[in-house]
Amino acid sequence: MSEKKSKNYTAEFKESAVKLAVESDQPVVQTARELEVNVNTLYTWIDKYHHSKQGNKTAKNEEHLYDELKRLRKENARLKEERAILKKAAAFFAKEHH
């Protein structure tokens, strides 16, 4: 029985490998072969990289939506206040003319 020794790759190496695999015109299998990385390992890295990217985008998008919600609530409160003032003014002027 032979023992398989797993290689430990740095985060920078993994990120570079993913970038190369995704941005190059060659198949992922060929990129993996050139980097001497198991093709399944490279696909795993690609999947993890894309999930982490999506997570960051989601967090930023949620933050943007929260800020937008705060702004809209503030604007809504201001518009309700203006509407109430206009109703009172309309009622006042309606009494004055009759």
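Here my numbering = 1-based position in the sequence shown + 89.
Think of the CB as a built atom: it goes at the ideal place given N, C-alpha and C, for glycine as much as any other residue.
None of the values given here were measured: they were computed from a predicted structure.
(1) Can you tell me whether Ser-105 is helix, strand or coil according to DSSP?
(2) Which whole-angstrom value is the C-beta distance of Trp-134 and Lys-103, which I expect to be below 8 Å?
(3) Hey, Val-128 and Val-111: beta-carbon distance below 8 Å or not?
(4) Any idea if Thr-120 is buried or exposed, counting beta-carbon neighbours within 10 angstroms, 16 or more meaning buried?
(5) Could you give the C-beta distance for Leu-124 and Ala-100, rounded to a whole number, given that I count them as a contact under 8 Å?
(6) Could you check where the alpha helix (DSSP H) with Glu-217 kicks off and where it finishes?
(7) Does DSSP classify Asn-150 as helix, strand or coil?
Let me lay it out:
(1) Helix, per DSSP.
(2) Yes, they are in contact, since the Cβ atoms of Trp-134 and Lys-103 sit about 5 Å apart, within 8 Å.
(3) In this structure, Val-128 lies away from Val-111, with their beta-carbon atoms at least 8 Å apart.
(4) Buried, by the Cβ-count rule.
(5) The beta-carbon distance between Leu-124 and Ala-100, rounded to whole angstroms, is 15 Å. This is too long to meet the 8 Å contact definition.
(6) Because residue 217 is not part of the residues shown, which for the chain are 90 to 187, the question remains open.
(7) Judged by DSSP in its simplified three-state form, Asn-150 adopts helix.
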